[in-house]
Amino acid sequence: MKPTQPWWRFGHVWLVISGPAVVVVAGFVTLYLAIKNPDPVQQEYYGRAPAEEEAVSPQAIAPAELARNHAQTGIPAQVLNPKK
């Protein structure tokens, strides 16, 4: 009869132990990075959106609107200003 080996001699035991150990180490690294490099506090949280500041003319977005509206119908979109 073969003598039994201690638990640390089996490879699958270290496979089971190494997963949680790596996660714990990664957690401490994440904690260190969060403490060492904190995000700056935003003073103007409720600012205006960039889309509100820039008004887009209806002629500029007409091709996109036509393509979007006719994408599912199968009808080709009309060209507003064909180049000659």
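Every letter in the sequence shown is one number past the one before it in our numbering, and letter 65, counting from 1, is 60. Ideal Cβ positions, reconstructed from N, Cα and C, are used throughout, including at glycine.
The alpha-carbon separation between isoleucine 30 and valine 8 amounts to approximately 34 angstroms.
In its own chain, leaving out the 5 sequence neighbours on each side, no residue places its CB closer than 7 angstroms to the CB of threonine 25.
In the structure shown, lysine 31 adopts helical secondary structure according to DSSP, grouped into three states. DSSP, read as helix, strand or coil, puts threonine 25 in helix.
Under the three-state reduction of DSSP output, proline 58 falls in the helix class. Cα atoms of isoleucine 12 and asparagine 32: separation of roughly 31 angstroms, rounded to the nearest angstrom.
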